[in-house]
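Numbering (the working numbering), first residue to last: 46 to 269.
In this text, a Cβ means the ideal position worked out from N, Cα and C, and glycines have one as well.
Take a look at the structure set out below.
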Amino acid sequence: MAERSETVRNAEKLVESAMKGNDASHDAAHVFRVRDLALSLAREEGLSSSPDSMEIVELAALLHDIGDYKYVRDSSEEKIVEEFLEAEGVTEGKKIKILSIVKGMGFKEELERYATSKYSVEFGVVQDADRLDAIGAIGIARCFTFGGSRNNVLHDPSIEPRPDLSKEQYVKKNKQTTVNHFHEKLLKLKDLMKTKAGQRRAERRHKFMEDFLKEFYEEWDGRA
């Protein structure tokens, strides 16, 4: 296998290439933030004593959004991550763990089955890192960036958020308001954090979103 630093550099180059055409809610900068967060959470969770675990965390974080169903333009893109790991000579055991994290960490998977499944600490820190980047100040910015890229309206009081979404409902491309996404997903993420480190950081970001929405609704109604 190539030296870890070389594999990581190649993964970074793949991220920049594969995600070049994405809007800023799911671009390379998002991935690099998630990588940094995941490594920080991993250290807080005691994984720094295991180089293998840290490598799994870093590569899974870097590769987690390549082939995202929201941006896939060709079915061949779904195999990019697996082919990259094989080309880099990543051992079979590590490859299986990385692919398991990448394929299982999405919110739609949680709706289907992962809420009650067992998971590794490596899985937990990578998923928590991705979810932390979906909430707080950056999460708000990303939410409106994505909504704008899909021409969604900001808010429509006549369109209620969909409660208790199934995976099928979540992935449907039915038009929804951007603000409803907070209620359908983002405000739920704090309580879905897998690690103690992720839970601690989520508290502050969650509170920021609650304060933002309170101000948003008051301004929308002309009360502020």
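- Between the C-alpha atoms of residue 129 and residue 202 there is a straight-line separation of about 46 Å.
- Around the beta carbon of residue 136, fewer than 16 other beta carbons lie within 10 angstroms, which makes this residue exposed.
- The shortest C-alpha to C-alpha distance from residue 150 to any of 141, 163, 142 and 168 is the one to 168.
- Fewer than three pairs of CB atoms, one per stretch, sit closer than 8 Å, so the stretch 48 to 57 makes no contact with the stretch 138 to 148.
- Excluding the 5 residues flanking it on each side, residue 102 has same chain C-beta neighbours closer than 8 Å at 83, 84, 87, 92, 167, 170 and 171, in chain order.
- Taking C-alpha positions only, residue 106 is separated from residue 258 by approximately 29 Å.
- Taking residue 190 as the centre and dropping the five residues before and after it, the same chain places the C-beta of 68, 69 and 70 closer than 8 Å to its C-beta, in chain order.
- Take the alpha-carbon of residue 138 and the one of residue 123: they are about 20 Å apart.
- Between the alpha carbons of residue 81 and residue 224 lies a distance of about 28 Å.
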